[in-house]
Each structure stands twice: as C-alpha cells, then as structure tokens.
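Colleague: Going by our numbering, the first residue of the sequence shown is number 29, and it counts up by one from there. From the three backbone atoms N, C-alpha and C, an ideal C-beta is built for every residue, glycine too.
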Amino acid sequence: MRDRTEDQIKEQQKEQPNEQARDQSEGQAEEQAKDQSNSQLKSLSKGQSNSQLKRLSKDQLELFLIRHGETASNRERRYLGRIQESLSREGRDGLFELKQEGIYPEAGIVFTSPMQRCLETAGILYPGKTPIVIPEWREIDFGDFEGKNAGELQGDPRYQAWIDSGGTLPFPGGESREEFIRRCCIGLDKMLDMLRNMEIGFQNPAASYKQVAGGSGKVCAVVHGGTIMALLSKFGGGEYFDYQVPCGRGYQCILRYDRSGGPMDGPKAGRTVSVSRIERIQRFIS
29 MRDRTEDQIK EQQKEQPNEQ ARDQSEGQAE EQAKDQSNSQ LKSLSKGQSN
79 SQLKRLSKDQ LELFLIRHGE TASNRERRYL GRIQESLSRE GRDGLFELKQ
129 EGIYPEAGIV FTSPMQRCLE TAGILYPGKT PIVIPEWREI DFGDFEGKNA
179 GELQGDPRYQ AWIDSGGTLP FPGGESREEF IRRCCIGLDK MLDMLRNMEI
229 GFQNPAASYK QVAGGSGKVC AVVHGGTIMA LLSKFGGGEY FDYQVPCGRG
279 YQCILRYDRS GGPMDGPKAG RTVSVSRIER IQRFIS
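1) Are there 16 or more other CB atoms within 10 angstroms of the CB of N225, so buried, or fewer, so exposed?
2) Could you tell me the distance, in whole angstroms, from the CA atom of P133 to the CA atom of F139?
3) What are the start and end residues of the beta strand (DSSP E) that includes S304?
4) According to DSSP, K176 sits in a beta bridge with which residue or residues?
5) Figure out for me which residue from G175, R103, A135, K262 has the closest Cα to the Cα of S116.
6) Whose C-alpha, out of D87, I94, E174, Q88, is nearest the C-alpha of V273?
7) Drop a sphere of 10 angstroms on the beta-carbon of P155, count the other beta-carbons inside from all chains shown, and report buried for 16 or more, exposed for fewer.
8) Tell me, which residues are paired with C248 by DSSP?
9) DSSP on G265, reduced to helix/strand/coil?
10) When DSSP builds the beta bridges, which residues end up paired with Y279?
11) Any idea what DSSP makes of Q182, helix, strand or coil?
12) Can you list, in chain order, the residues of its chain with a C-beta nearer than 6 Å to that of G130? Leave out the 5 residues immediately preceding and following it.
13) The ligand GDP heavy atoms versus the CB of I309: any closer than 7 Å?
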C-alpha cells in the first residue's frame with residue numbers, strides 16, 4: 029500500500045498509496061510457486077531431524093513480517109493491489125544493500141504472498157529457501173483505483189468519499205477493509221495449519237507446535253504493506269494505519285496461539301490451534 033497516516037487520509041488526497049500492480053502473469057507465477065511450496069512441505073515433513081528444530085517456547089513463535097521491495101508504481105505512489113508488477117531496479121538494489129548490512133533475520137521457513145513482487149523479494153532475501161505461498165495474503169483489491177495515484181483521481185467523487193471516510197469505505201469495484209482483514213486472517217490460520225502439519229510429519233509427540241524447521245527457529249513472511257497492517261491491527265491492537273512500513277522494511281513480533289481445538293464442523297473443523305494475539309511488535313528495520 030502507500031505510506032500515509034489515517035489523519036492524512038482524512039485531510040487530503042495528496043498522499044496516496046504505495047502498494048499496487050497489474051493482473052497479467054499472476055496465474056502462472058502463482059501456480060509455479062504453489063507447486064514449489066507443496067514439494068517443500070513434503071520434504072520438510074519427512075526428512076528433517078529433530079536436532080534441526082528449534083523451540084522458541086510453548087505456544088508461541090517468532091514471526092517477521094517483511095514488506096516487499098519497491099516497484100515503479102510504489103515510487104509513483106500508485107494504488108498497487110491485484111496488479112502484477114516486478115521490482116524496479118532501485119527496489120532490487122535497495123534490498124541487496126539492506127541484506128549486505130545484515131538487517132534481515134535468518135529464516136527457518138519463508139512464507140509469501142503469491143504476487144510477483146513478493147516472490148522476487150523472497151528470492152533476493154532468502155535464495156536458499158523455497159517460499160511457501162499463502163494466496164490469502166495478496167494485497168487488497170483497490171478496484172477502480174488500481175494503478176492510479178491521487179492526482180489522477182482528483183475530482184472523482186467516489187475517491188473523495190473514500191478519503192472522507194478515513195479509508196474505511198470499500199473500494200469501488202474492489203474490497204472493503206473488513207473483507208481484506210478477514211482474508212488475511214484466514215491466511216494466517218493456513219500458515220499455522222501448515223506448520224502444524226510439519227510438526228505431525230516429524231512424528232515427535234513431545235515436539236512443541238512452536239518448533240520450526242531450520243536452525244534459526246524464525247518464521248519470515250514476505251508480504252504487502254496492507255497485509256502487515258491487517259494482521260497487526262487485528263491481533264496486535266492499535267489502528268490499521270499505525271503499522272505502515274516502507275518497502276523492504278518490516279516488523280518483528282511474537283505470535284501466540286491456542287491449542288484449545290476447533291469446532292466439530294464448519295471451516296475450522298478439526299483445527300487444533302488458532303491465533304491468540306500478536307505482541308512485542310517492533311520495527312526491525314528503521
């Protein structure tokens with residue numbers, strides 16, 4: 029999304045979003061990433077030794093949420109949601125520079141949005157890892173505002189109405205914030221399910237759900253600015269726009285979960301874990 033505070037949204041349409049792009053090669057990139065993810069899940073479930081698992085503590089995990097690198101649309105402050113767009117040269121260079129500074133954490137497992145800009149970012153930051161795709165972590169659908177910036181939307185009464193609402197109205201032809209947050213939460217549940225399945229694959233009854241494959245014990249998710257705002261405002265408290273973060277930056281946090289089990293039927297039938305809250309949230313890159 030774009031870098032702006034809630035008050036700034038209410039004031040004027042001078043400050044427009046940063047995270048958006050175009051729907052072209054989405055299907056192919058997404059399918060390839062899903063195939064790779066399935067292969068990684070199978071190998072992780074089978075061959076990893078318990079000595080390679082690191083336990084953080086009972087019923088919690090260390091999670092890093094990283095916003096993808098910059099694209100041309102981000103630089104031009106355009107609404108970039110469902111549109112597919114590669115990282116710009118400047119965006120790639122910026123990631124490499126931060127990586128050389130040793131800012132990014134070592135990752136035990138890497139999850140990502142299916143969008144091209146996130147997959148490319150994950151490949152730069154974690155070239156030795158096959159990212160596991162969470163389709164629900166796509167950026168919000170900006171509808172009729174996709175690919176446009178504030179200047180181009182001047183005079184559109186629908187845009188002014190959205191500004192006046194503090195960004196709470198649904199995007200014309202797109203998603204509402206509530207729908208988007210709900211979708212992102214489903215994606216977080218899916219991530220926990222995948223980790224749970226890996227744990228079962230190790231066939232270690234004593235293993236904590238919080239043991240993560242790899243030596244670092246850290247879970248990294250390369251996603252969008254909107255995805256980060258959705259998850260942290262939902263489970264960490266505060267307002268949606270409190271968690272804006274520039275491209276290539278992110279948050280370190282502790283995700284706590286419950287093992288109380290799920291309902292007998294419905295979309296969460298048989299679930300053994302669910303998100304409780306996210307805490308100790310802090311920027312790990314200024």
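Modeller: Short version:
1) The sequence position of residue 225 within the sequence shown is 197, counting from 1. Looking at its Cβ environment, which holds fewer than 16 other Cβ atoms inside 10 Å, N225 is exposed.
2) Looking up residue 133 in the sequence shown gives position 105. Looking up residue 139 in the sequence shown gives position 111. Going by the C-alpha atoms only, they are around 14 Å apart.
3) Taking the first residue of the sequence shown as 1, we reach residue 304 at position 276. Unbroken beta strand (DSSP E) run through S304: 302-311.
4) Working through the sequence shown from its first residue, we reach residue 176 at position 148. In DSSP, K176 forms no bridge with anything.
5) Here residue 116 is taken as the residue at index 88 of the sequence shown, counted from 1. Of the listed residues, the one whose Cα sits closest to S116 is R103.
6) Within the sequence shown, residue 273 is the residue found at index 245, counting from 1. Measuring from the Cα of V273, the nearest candidate turns out to be I94.
7) As a position in the sequence shown, residue 155 is number 127, starting the count at 1. Exposed.
8) Walking along the sequence shown from the start, residue 248 turns up at place 220. Partner(s): F92, V138.
9) Here residue 265 refers to the residue found at position 237 when the sequence shown is read from its first residue. The answer is coil: DSSP assigns G265 none of H, G, I, E or B.
10) Locating residue 279 in the sequence shown gives position 251, where the first residue counts as 1. Assignment of beta-bridge partners to Y279 by DSSP yields L93, R311.
11) Translated into the one-based positions of the sequence shown, residue 182 becomes position 154. DSSP places Q182 in the coil class of the three-state scheme, outside both helix and strand.
12) Counted from its first residue, the sequence shown places residue 130 at position 102. Apart from the 5 residues on each side of it in sequence, G130 has no Cβ closer than 6 Å to any other Cβ in its chain.
13) In the structure shown, the ligand GDP is absent, as is every other ligand, since no ligand is present at all.
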